[in-house]
Each structure stands twice: as C-alpha cells, then as structure tokens.
Amino acid sequence: MTENAPQHAALGERVMRRLRTGRLAKWVLLSGLLGVFAGVVGWLFKLLIHFCRHWSFEAPTGIHTEGLDHVDWGSWWIVLIPAAGGLLVGIITYTLAPEAEGHGTDSVIRAFHRQKGIMRKRIIALKALTSAITIGT
C-alpha cells in the first residue's frame with residue numbers, strides 16, 4: 095500500500111492544479127448543479143405522485159394507500175379510481191399531445207430521428223403529469 099501513496103499524491107496534486115486553473119472546476123461545478131437539479135426534479139415528481147394519490151384515493155374514500163390490508167375489497171373504488179386515472183391520462187395525451195403517446199423513450203427517439211431532435215417543451219411536463227397520475231391512481 096505504501097508504494098501507491100506517491101501515485102495517489104501525484105493524482106491529488108494534478109486534480110487540485112486543474113481545479114485551480116479552472117479547467118476541471120467548470121465541469122465539477124456543472125456536474126454538481128446537474129445533480130442538485132435532478133434531485134429537485136425527482137423530489138417534485140414524488141410530490142406530484144403523492145398529490146395525485148391523495149386526491150384520487152385518500153380524500154374521496156378515506157383509504158390510505160400506504161397499506162391496503164384494512165381495505166374492504168368489495169369496494170368499487172379500488173377498481174374505478176385506477177380506471178378513471180387511465181381514462182384521464184388517455185384524454186390528456188390524446189387532446190393535448192398526441193405525439194407523446196407511448197413510452198417516454200419512444201418519443202425522444204422519434205424526435206431525434208424524425209424531427210432533428212426537436213420536441214415541444216410541453217411534452218416533458220405532460221409526460222411527468224400523466225406518469226404521476228398513472229402511478230398515483
């Protein structure tokens with residue numbers, strides 16, 4: 095292990111020198127900002143799912159979806175709410191963004207190959223919303 099110590103020290107010195115000159119600092123800063131942005135977007139998506147779940151199951155029925163052990167399985171709510179969520183997702187997609195139909199990766203690949211990588215910005219928001227409705231209901 096001691097024979098690797100000079101190599102690690104040299105690597106550390108090179109990294110610090112690059113950070114001081116700004117060559118690596120820019121990429122470290124951008125990577126950190128991208129990580130924070132992705133974390134915030136993930137947290138907002140989780141909040142959107144909880145919002146959909148609360149207003150589709152918990153508020154109208156009193157059913158808490160964290161554990162369905164105590165639910166009366168004869169209740170029609172268990173069947174109707176997911177069906178209504180699927181219908182709502184279909185209506186949103188069909189009326190507001192027909193090109194967003196299908197999986198998200200399909201839309202991105204289609205936009206890359208057929209539309210020079212151009213995709214309407216609202217597709218991203220609608221995909222997030224319809225995914226949250228699907229998961230939440």
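Note that the sequence shown ends on residue 231 in my numbering; no numbers are left out.
Yeah, the Cβ is synthetic: ideal placement off N, Cα and C, and Gly gets one too.
Close-in-space but distant-in-sequence residues of the same chain around residue i (CB under 8 Å, 5 per side omitted)
| i | result |
| --- | --- |
| L220 | I186, T187, L190, A191, A194 |
Environment of residue i [buried if 16+ CB atoms lie within 10 Å]
| i | result |
| --- | --- |
| A177 | exposed |
| I203 | exposed |
| G184 | exposed |
| R208 | exposed |
| S201 | buried |
| T115 | exposed |
Neighbourhood of residue i by C-beta, 7 Å cutoff - its chain only, sequence neighbours within 5 removed
| i | result |
| --- | --- |
| A205 | G211, I212, M213 |
| R112 | L118 |
| F139 | A222, A226 |
| T224 | V183, I186, T187 |
| V130 | none |
Integer Cβ distance of residue i from residue j, believed to fall under 8 Å
| i | j | result |
| --- | --- | --- |
| I175 | F145 | No, I175 and F145 are not in contact; Cβ-Cβ is about 15 Å, not under 8 Å. |
| T228 | G179 | 6 Å |
| G230 | I172 | The Cβ separation is near 14 Å, so there is no contact. |
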